[in-house]
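J.:
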Amino acid sequence: MNWERLARANTHPLRVSILEVLGIDSGRVLSPKDLSLELRSPLSTVNYHVTELRRSGLVEVVEEHQVRGAIEHFYRAVDTAEKKHRRKKATRAAARSRS
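Each residue of the sequence shown is one higher than the last, beginning at 7 in my numbering.
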């Protein structure tokens, strides 16, 4: 667990709520618009905090859809344990291919 990222994410209650909503039912995939409706917060505010969570590596883009000239992004919470496992697996595979 990257404690610095977690601490940064917890600096605002809305970020904690976003992570909680995305983590429900073994992980949900939602757009900022969906999160905005569910959390009853302004879309611009939710979008800002989702962007910050993405920058800190706690959420990732899963899908993109074209909507009236704009692109709607859909996010999910990143499972840091799974991410570490994939990284170790890739490192081992790269080491084997060099041998």
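Note that beta-carbon positions come from the ideal geometry of N, C-alpha and C, so glycine has one too.
So who's on the other strand from residue 69, going by DSSP bridges?
T.: In the sequence shown, residue 69 corresponds to position 63, counting from 1. Beta-bridge pairing links residue 69 to 80.
J.: Less than 8 Å between the C-beta atoms of residue 84 and residue 64, yes or no?
T.: Here residue 84 refers to the residue found at position 78 of the sequence shown. Here residue 64 refers to the residue found at position 58 of the sequence shown. Their beta carbons are under 8 Å apart, which means residue 84 touches residue 64 by this criterion.
J.: Take residue 4 and list the residues in its own chain whose beta-carbon comes closer than 8 Å to its own, dropping the five residues that flank it on each side.
T.: One cannot answer for residue 4 here, as it falls past the ends of the chain, which runs 7 to 105.
J.: What residues in its chain sit with their C-beta under 8 Å from that of residue 24, if we drop five residues either side in the sequence?
T.: Position 18 of the sequence shown, counted from the start, is the residue given in the question as residue 24. Closer than 8 Å at the Cβ level, and outside the excluded window around residue 24, lie 41, 45, 52, 55, 56, 59 and 65.
J.: Going along the chain, which residues of its own chain have a beta-carbon closer than 8 Å to the beta-carbon of residue 33, five neighbours each way excluded?
T.: Taking the first residue of the sequence shown as 1, we reach residue 33 at position 27. So the list reads 82, 83 and 85, once near-sequence residues are dropped.
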